[in-house]
Structure formats: structure tokens, C-alpha cells
Amino acid sequence: MKRKILLAALLAIVMIGLCGCETASPIVGKWETGDSDHIVNYEFTADHRVILDQRLDDGTWQRLECSYELKEGRLLRSGYESDADGCTEDQVPVIFHINGDELTLEALSHLGQSQYHRVDAFTCSNPAFP
């Protein structure tokens, strides 16, 4: 009898522990694209922040830190102000596909797709945030 109670208690502890484990989304990590003239680096964090560093055509860097969520197979991220260093409250729906270490993003409001490659460290990073 004691053995059954001990086994049940042990099983309950294991189940509670497993319920607390959350698997990281496959989008979490660092992704980069671009050539030496125009570089775009994305970092998606487990706490639903997205950090975008991009080197502009004039050689300067821009960093935006916004938020994202994954919902019904879509990436919903904060909008980016094109003429400011901030994010909007609006959520922009983005179709995304991950195939191994390749990420494809396609904003529903724009034509075309962007391809990104998963990296451990960015090849060329924003010098203000090494």
C-alpha cells in the first residue's frame, strides 16, 4: 500500500514538473539576411520581443525593439515606424515558414518574401550593440 502511494506521489511530481516545461518556439533565435550593402538581423526572444538591426544604404544602423506573438500559424509583430525609432501598437500579420535553418517572412501588406538564415552570432552586427 505504501509503495502505491509513494509511486502515485512520485508520478504526480513528475507530471507537475512536465506541465511547467514549455518548449521554445522554432522562431526563437537569431536570423540574418542581406549582403554587405544592406544587412538585416532579426532576433526573436522567448519572451516575445523581436529586435531588428539593419544597416541602411548610407552605412548607418537602425535598431528597433518591438514585440511579437505567434497565433494561428501567423507571426503578429508590432508595426515599425518608417521615420522613427519606435514601434506602433498595430500588429502586422506576417506569413512565416521555417525549413531547417531557413526562415521565410512575407508581410501580407507587401509583395515579395524575405529569406533569413539562422545563426549563432551575426556575421555583421550593429556596432552600437556588440
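When the letters of the sequence shown are read in order and numbered with mature numbering (1 follows the signal peptide of the UniProt record, and there is no 0), they come out as residues -24 to -1, 1 to 106.
For each residue, glycine too, the CB sits at the ideal point set by N, CA and C.
Contact check, residue i vs residue j, beta carbons under 9 Å
i          : j          : result
residue 16 : residue 44 : no
residue 23 : residue 39 : no
residue 82 : residue 63 : no
residue 37 : residue 97 : no
Exposed unless 16 or more other CB atoms sit within 10 angstroms - verdict on residue i
i          : result
residue 3  : buried
residue 79 : buried
residue -6 : Low local confidence applies: a pLDDT of 43 at residue -6 is under 50, so the model's placement there is unreliable, and no value is given.
residue 20 : buried
residue 84 : exposed
residue 32 : exposed
Of the listed residues the options, nearest to residue i (C-alpha basis)
i           : options            : result
residue 53  : 88, 71 and 99      : 71
residue 47  : 67, 31, 37 and 99  : 67
residue 35  : 14, 51, 97 and 104 : 14
residue 101 : 18, -1 and 5       : 18
Three CB pairs or more closer than 8 Å across the segment 5 to 14 and the segment 85 to 104: Enough Cβ pairs lie closer than 8 Å, so yes.
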